[in-house]
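Q: Per my numbering, residue 1255 is the first one in the sequence shown, and the count goes up by one each step.
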Amino acid sequence: NKFLNAGCGYGGFCFPKDLSAFIKIAEDLGYDFKLLKEVERINDEQKKSIVRKIAEHVWNLNNKTVGILGLSFKPNTDDMRYAPSIDIIGDLLAEGVTVRAYDPKAMERAREIFPDIIYCKDPYEVCEKCDALVILTEWDEFKDLDLKRVKKLLKTPMLIDGRNIFDPDTARNEGFSYTGVGRK
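#1: Is it the case that the Cβ atoms of Gly1416 and Arg1335 are separated by a distance below 8 Å?
#2: Which first and last residues belong to the beta strand (DSSP E) in which Gly1321 is found?
#3: Okay, do the segment 1305-1324 and the segment 1278-1288 touch, 3+ Cβ pairs below 8 Å being the bar?
#4: Pop quiz: Asp1272 and Gly1324 are said to be a contact at Cβ under 8 Å. What is the actual Cβ separation, rounded to whole angstroms?
#5: For Gly1434, I'd like the list of residues in its chain whose CB is within less than 7 Å of its CB, leaving aside the five on either flank, ordered along the chain.
#6: Give me the DSSP bridge partner(s) of Ile1303.
#7: Can you check whether the CB of Val1380 is closer than 8 Å to the CB of Ile1304?
#8: Compute the distance between the beta-carbons of Ile1322 and Ala1355, then report whether it is under 8 Å.
#9: DSSP on Met1334, reduced to helix/strand/coil?
#10: List the endpoints of the continuous alpha helix (DSSP H) containing Ile1279.
#11: Measuring alpha carbon to alpha carbon, tell me which residue in Glu1382, Phe1396, Phe1420 is nearest Thr1410.
#12: Which same chain residues, not among the five before or five after Ser1339, have their C-beta less than 6 Å away from its C-beta?
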């Protein structure tokens, strides 16, 4: 069921590997498995759409600061294999963005991939002076954030909810410019 939820993309080792294997088997049998290729393309597009959503709100990404909550591909693990955060952070860095990040379990692994981003001790430290806050993993502790406190810490009260963990009306009523995935 979780694979069917709108979000910033899937990751992990098994699903992407199995998808690629099915595509390869089909090719070896002379079949162009367009449906599975489209699944891969849509997943890539979901990650790019997060970066576009940020850019739409801040106009120019260069010299902006973006907070990232969640680095692992799913909650309750430190596994970052094919995590959406890898492509999203990579694209942000390429645009000249300063990235502040927090994940309850995956920061040690993330440091191996992104040694130059700012790793924070908790979600609230991530928010300090950020032009936007992006949720990439649906950790329970993120669902329980004090949105009033988050808003005070952010430079701009912009929330890009890549996992749809917040109610849009609640976030907007707290004064956020809120954007989820696949909903208004």
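Using N, Cα and C, we set each Cβ at its ideal position, and we do this for glycine too.
A: According to the structure shown:
#1: No. Outside cutoff.
#2: Note, Gly1321: beta strand (DSSP E), 1319-1323.
#3: The segment 1305-1324 is not in contact with the segment 1278-1288.
#4: Here Asp1272 is actually not in contact with Gly1324; their C-beta atoms are around 23 Å apart, not less than 8 Å.
#5: Result list for Gly1434: Asp1415, Asn1418, Pro1422, in chain order.
#6: First, the amino acid is wrong: residue 1303 is Ser here, not Ile. Answer by DSSP bridge pairing: none, since Ser1303 is not bridged.
#7: Ile1304 places its beta carbon 8 Å or farther from that of Val1380.
#8: Going by beta carbons, Ile1322 and Ala1355 fall inside the 8 Å limit.
#9: Residue state, collapsed to three classes: coil.
#10: It spans 1268-1282 - the alpha helix (DSSP H) in which Ile1279 sits, taken as one unbroken run.
#11: Ranking the options by Cα distance to Thr1410, first place goes to Glu1382.
#12: Answer for Ser1339: Leu1325, Leu1390, listed in chain order.
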